Amino acid sequence: MLRILYVTDLGYEAAGRRYCDEDIWLSGRLRRHGFTAALCHPRDAAGLMGDFDLVLVRNSGPVLYYREAYEEFRAEALAAGVRVVNPLTGRGDMAGKRYLADLTRAGLPVIPTADSAAALALLPDAEEYAVKPVDGADSLGLRFVARADLAEAAVEGGGMLVQPRIPFRYEVSFYFVDRDLQYALYAPDPERRWELVPYPPDAADAAFALRFVDWNALGHGVQRVDACRAPDGRLLLVELEDLNPYLSLDRVPASVREAFAARLAASLRAAARR
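According to the working numbering, the sequence shown holds residues 294 to 567 in order.
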């Protein structure tokens, strides 16, 4: 029986969501699928992980709140060859949000993002621009400024990103286990972004999301591809959450939740064999 150290912050408070409910349910389902699962706070993971076959990082909250403990966990896990899901090689939010600027330069369908003063001139015109930290999460440090004030945005030092504020039609999220799309959810009202309902992706939508999963090349794990529908109808990447994506499992039918848990169990077994 595989022993999983399930890393979560059950006390983390997020607007409009109860992370703890999701982790209590999902860890219980993994036990039904034959795993031994012990829940621990992210600050305790480094000291406990040696007693388990696999570490599953779930709703552990923004790393900004425990940066030193996370870096210790990451360094020790890599040095000891601990099996971690998701693998600690993620190129998305796991490594900070600078990848959004890298994807912009590569011409991929992403909200245009600048990470230096020189790149500001390449951004499209907009009434407002979002300025946010490279290492931000859950909108921490996010502010909006007019174009005239962009020169004062602290991008030259490398710690901030700038994006045009796009009047998108809606946001949509695609939830993957490994390369398999499990379900999609969207917020029909942009002003109520956490009131999610099931979204039936067509083939083009699924291909859009899978393109970023493949770009990330994790091999296995759980990822959430967040996108917005631009005024011209295109999907643009908002973020690729590959560290601890909240799954909104309470927003999907019971059959979809059960299928997700079963697919995750299969992925974890495969990860343990690698």
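We treat Cβ as the ideally placed atom computed from N, Cα and C, and that holds for glycine. Please read these numbers as outputs of a predicted model, since none were measured by experiment.
Spatial distance of residue i from residue j (CA atoms)
{"i": "Y468", "j": "S541", "result": "10 Å"}
{"i": "P546", "j": "D386", "result": "28 Å"}
{"i": "Y479", "j": "A496", "result": "16 Å"}
{"i": "P457", "j": "S548", "result": "39 Å"}
{"i": "L323", "j": "P524", "result": "41 Å"}
Cβ separation of residue i and residue j, assumed to be a contact under 8 Å, to the nearest whole Å
{"i": "Y539", "j": "N352", "result": "6 Å"}
{"i": "C521", "j": "V506", "result": "So it is not a contact: roughly 18 Å between Cβ atoms."}
{"i": "G383", "j": "N537", "result": "Their Cβ separation, rounded to whole angstroms, is 11 Å, which puts G383 and N537 out of contact at 8 Å."}
{"i": "L396", "j": "L381", "result": "Not quite, the Cβ-Cβ distance comes to about 21 Å (not below 8 Å), so this is no contact."}
{"i": "A394", "j": "D408", "result": "4 Å"}
Residue i (DSSP reduced to helix, strand or coil)
{"i": "D316", "result": "helix"}
{"i": "T397", "result": "helix"}
{"i": "D653", "result": "Residue 653 is absent from the model: the chain starts at 294 and stops at 567."}
{"i": "E449", "result": "Because the pLDDT of E449 is 49, which lies under 50, any placement of that residue in the model is unreliable, and the number read from its coordinates should be weighed accordingly. E449 falls in the coil class under three-state DSSP."}
{"i": "P335", "result": "helix"}
{"i": "R364", "result": "According to the sequence shown, residue 364 is Glu rather than Arg. If DSSP states are grouped into helix, strand and coil, E364 belongs with the helices."}
{"i": "R391", "result": "coil"}
{"i": "E369", "result": "helix"}
{"i": "D519", "result": "strand"}
{"i": "E534", "result": "strand"}
{"i": "Y305", "result": "coil"}
Per-residue burial, residue i [other beta carbons within 10 Å of its own, 16 or more giving buried]
{"i": "M294", "result": "exposed"}
{"i": "L415", "result": "exposed"}
{"i": "I297", "result": "buried"}
{"i": "V350", "result": "buried"}
{"i": "F437", "result": "exposed"}
{"i": "E306", "result": "exposed"}
{"i": "A339", "result": "buried"}
{"i": "A330", "result": "buried"}
{"i": "D473", "result": "exposed"}
* Counting pairs of Cβ atoms below 8 Å between the region 510-518 and the region 466-486, do you hit three or more? -> With the cut-off at 8 Å, the region 510-518 and the region 466-486 touch.
* Asked: Quick one: any contact between the region 335-348 and the region 488-502, if contact means 3 or more CB pairs under 8 Å?
  -> no
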